[in-house]
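Number of protein chains: 2
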Amino acid sequence: MDITEELDERKVKILNAVIQTYLDTGEPVGSRTISKSSDLKLSSATIRNEMSDLEELGYIIQPHTSAGRIPSDKGYRFYVNHLLEEKDAEINEIKDLMILRTEKMEKVLKQVVKVLANNTQYASIISAPAISGNKVKFVQLSAVDEQHILSVVVMEGNLIKNKMIEIDEPLDAETLLKLNMLLNTNLNGLTVHDINLTLIARMKEEAGEFEPIIENVLNTIADTIGEDEKIEVYTSGATNIFKYPELADSEKASRFLTTFEEKESIIDLITEVQSEGDATGTGIQVYIGEESPIAGMRDCSVVTATYELGEGVKGTIGIIGPKRMDYKNVMSNLKNLKRQLDHTLKQQE
Amino acid sequence: MDITEELDERKVKILNAVIQTYLDTGEPVGSRTISKSSDLKLSSATIRNEMSDLEELGYIIQPHTSAGRIPSDKGYRFYVNHLLEEKDAEINEIKDLMILRTEKMEKVLKQVVKVLANNTQYASIISAPAISGNKVKFVQLSAVDEQHILSVVVMEGNLIKNKMIEIDEPLDAETLLKLNMLLNTNLNGLTVHDINLTLIARMKEEAGEFEPIIENVLNTIADTIGEDEKIEVYTSGATNIFKYPELADSEKASRFLTTFEEKESIIDLITEVQSEGDATGTGIQVYIGEESPIAGMRDCSVVTATYELGEGVKGTIGIIGPKRMDYKNVMSNLKNLKRQLDHTLKQQE
DNA sequence: GTTAGCACTCAATAATTAAGAGTGCTAATA
DNA sequence: TATTAGCACTCTTAATTATTGAGTGCTAAC
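Which chain is which? The protein sequence lines are A and B, in order.
The numbering of the first sequence is this note's numbering, which starts it at 588 and goes up by one.
The numbering of the second sequence is this note's numbering, which starts it at 588 and goes up by one.
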């Protein structure tokens, strides 16, 4: 698949011209168009011969006998790997990402994904950072009223979790203080996975008569943190596909949008992405057509970037669009966003 | 618009038959169909005459000269107001709505709206309860580390809000305690609107050298609570419109889905709904076609219910579907859901 | 190796036709 | 007087048939 291997310079130029033109117009491109538009001084007949070769090599396809050519998945792949020059896009800034309060975080992610969809005009997705490896920083129980105490857990990165716990009879201030100390001494610096049975047993023992409360709190902590194991995904701009005629007929649109609404398969994609490397060496992954792991999106291309807010705290951001998407713009957008998200944590530590 | 006014019994029967049939098939219905299917023993010619009258009266419409009739908005309206019999649908239960923690709340709402979309097979929306009139129940500041204190505000109905506040220099435990007392004594039982300048001035004075912190906390509270002034809306099942051919061509679908994705106009709808009464006397509002306040949804009908979790804490739940929707099923579903949501708070108090 | 020229192919569009559902009207009927 | 049968007419939908034109592949000349 190397440039020099099977394509001479002229073929590469022609292939590039075909793809570029197709990205613009969305119509199959013919030999005459290339002959006129490109800087190669060649007649359409010559181009035709070359295009015939390129088709034989699998880079372009003829949708039917007497039509121009469109890029094949292989063609796009070549384009992405070899022909794409980076472009440094201006992109709307993201502010205030500093504090990882879940609620806040969610708003920020919604905002980011909206900006991305807006910038690229493609359907966009972002997954919330998975925090399973994250450490407990601070725990506090407070008496709210006679039947309720509130547990607040702050994780590394200032992610905050609350839970209301029902109790049978009121706790006095002293007991509460004791419990708080007990919790903080034992849990501080631990991840959810570290909270094992031995520890729980020991804490229960120390708690004495308040054992049920400790148990409740620990469950609560495990629960609330565990909740985030299932990845949250936010999306925006799904309806942009109507802007691309090749995807806009109602059958395809229906399939696409339904897949998009059911977020499960997107989560699959996201997790797959996170575990894979990237071929381009830019921190960006590109799936073209059939390469995509999601069945409902075989007519599309998917471009994703994985951002990392800290050890084990990873999320993915990506866009889904027609194969003839503006890869250049998309990739620089994602790169930028990735940089910003990556940078965010540094600022905070 | 009363039954006896302009429609005799037979006309009503025929109108009913037309609408019922149209709801089933989605095709214009002709005189012969009615003649055969209904229990009236009349020939198609007679039916034709009656239908001609019904058209003149505005209850049904002929899409073109030689087609059957379809219900007009007025026809649907008549159907909804007079012909619809209630049906008590079984509906999946909703559990665990007890605690209004924002995060939790959100998950519950997402769940509810999904269930609704699933039950009805129409696009569904639900708005989170607006809490602006809600009272402060409990405030707590905790030192998390040297640069951060965490403010936790619990509102009536156990809605919890957190905010991390940055500070320049550490606070000792005693000061924190003092501040906590100050905050709780002054704010307890107040709504956001009650926190006025006079009160703020007095609290600042009492706070002495810690005035900046109090200010920060108060702003925080106002901010965090104020955030909810803009109504959150959750949606599900938007892609169901592809199930209804009359809405599924890509232009209409695009318009609809785009409106649906931009939640702004839905919020308009929701707020409008909350301020209006309902004509049916069932706590359910029905907008048919042009009656809808949303331009992008003039081809649809909208059915909504307002639920109330307590004084001033209101939300709206609704579905959007084709005009020929199964009003009976939708309305009973909404009614049920409304009851469950209404009931929820009682359980909690 | 490149190019001009030409016959051929095939999708897309438009035009034509055919079928059928449904109406409105009239005249006959109970 | 209300109902019905019958028939001509309308208009959509689907199917069929040109028409067009972009684009190719091939051949022969440069």
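We treat Cβ as the ideally placed atom computed from N, Cα and C, and that holds for glycine.
Within 10 Å of its beta-carbon, does residue i have 16 or more other beta-carbons around it, so buried, or fewer, so exposed?
| i | result |
| --- | --- |
| R656 (chain A) | buried |
| L774 (chain A) | buried |
| M638 (chain B) | buried |
| S622 (chain B) | buried |
| G613 (chain A) | exposed |
| N706 (chain B) | buried |
| P650 (chain A) | exposed |
| R885 (chain A) | exposed |
| L788 (chain B) | Per the sequence shown, residue 788 (chain B) should be read as Ala rather than Leu. Exposed, since its Cβ has fewer than 16 Cβ neighbours within 10 Å. |
| S653 (chain B) | exposed |
| S879 (chain A) | buried |
| P757 (chain A) | exposed |
| A658 (chain A) | Correcting the residue identity first, residue 658 (chain A) is Pro in this sequence and not Ala. Answer is buried; the Cβ neighbour count reaches 16. |
| A704 (chain A) | buried |
| E593 (chain B) | exposed |
| K628 (chain A) | exposed |
| S823 (chain A) | buried |
| M768 (chain B) | exposed |
| R688 (chain B) | Low confidence applies to R688 (chain B): its pLDDT is 47, below 50, so where it sits in the model is not reliable, and the reading given next is rough at best. It is buried - the Cβ of R688 (chain B) has at least 16 other Cβ atoms within 10 Å. |
| N923 (chain B) | buried |
| L641 (chain A) | buried |
| A760 (chain A) | exposed |
Taking the straight line between their C-alpha atoms, what separation do you get for residue i and residue j?
| i | j | result |
| --- | --- | --- |
| T845 (chain B) | Y709 (chain B) | 16 angstroms |
| H735 (chain B) | A730 (chain A) | 22 angstroms |
| Y821 (chain A) | I854 (chain B) | 19 angstroms |
| R926 (chain A) | G908 (chain B) | 42 angstroms |
| K697 (chain A) | K722 (chain A) | 25 angstroms |
| P957 (chain B) | V702 (chain B) | Residue numbering for chain B in the displayed model covers 588 to 936; residue 957 (chain B) lies beyond these limits and cannot be assessed. |
| K694 (chain A) | N827 (chain A) | 21 angstroms |
| I601 (chain A) | S888 (chain A) | 22 angstroms |
| Q559 (chain A) | D732 (chain B) | Past the boundaries of the shown model lies residue 559 (chain A); chain A is included only from 588 to 936, so the question cannot be answered. |
| I881 (chain B) | A715 (chain B) | 20 angstroms |
| S919 (chain B) | A840 (chain B) | 27 angstroms |
| T903 (chain B) | N668 (chain B) | 21 angstroms |
| R911 (chain A) | F847 (chain B) | 26 angstroms |
| S997 (chain B) | A825 (chain B) | This structure cannot settle anything about residue 997 (chain B), because the visible part of chain B is limited to 588 through 936. |
| N603 (chain A) | R619 (chain A) | 15 angstroms |
| Y874 (chain A) | F829 (chain A) | 21 angstroms |
| L770 (chain A) | D755 (chain B) | 27 angstroms |
| K598 (chain B) | I871 (chain B) | 27 angstroms |
| K750 (chain A) | N749 (chain B) | 12 angstroms |
Interface residues of chain B around residue i at Cβ under 8 angstroms?
| i | result |
| --- | --- |
| A825 (chain A) | L844 and E848 |
Should residue i be flagged as near chain B, meaning a C-beta pair shorter than 8 angstroms?
| i | result |
| --- | --- |
| N749 (chain A) | yes |
| S738 (chain A) | no |
| F829 (chain A) | yes |
| R688 (chain A) | Any reading at R688 (chain A) must be qualified, since the residue scores a pLDDT of 47, below 50, and its modelled position is unreliable; the value itself is stated next. Yes, its Cβ sits closer than 8 angstroms to a Cβ of chain B. |
Whose Cβ in chain A lies nearer than 7 angstroms to the Cβ of residue i?
| i | result |
| --- | --- |
| A835 (chain B) | S837 |
Does the CB of residue i have a neighbour CB from chain A at under 8 angstroms?
| i | result |
| --- | --- |
| S841 (chain B) | yes |
| I727 (chain B) | Looking at the sequence itself, residue 727 (chain B) is Gln, so the reference to Ile does not match. True, the Cβ-Cβ gap to chain A drops below 8 angstroms. |
| D595 (chain B) | no |
Interface residues of chain B around residue i at Cβ under 7 angstroms?
| i | result |
| --- | --- |
| V741 (chain A) | V731 and L737 |
Residues of chain A with CB closer than 9 angstroms to the CB of residue i, please, in chain order.
| i | result |
| --- | --- |
| K724 (chain B) | V731 and D732 |
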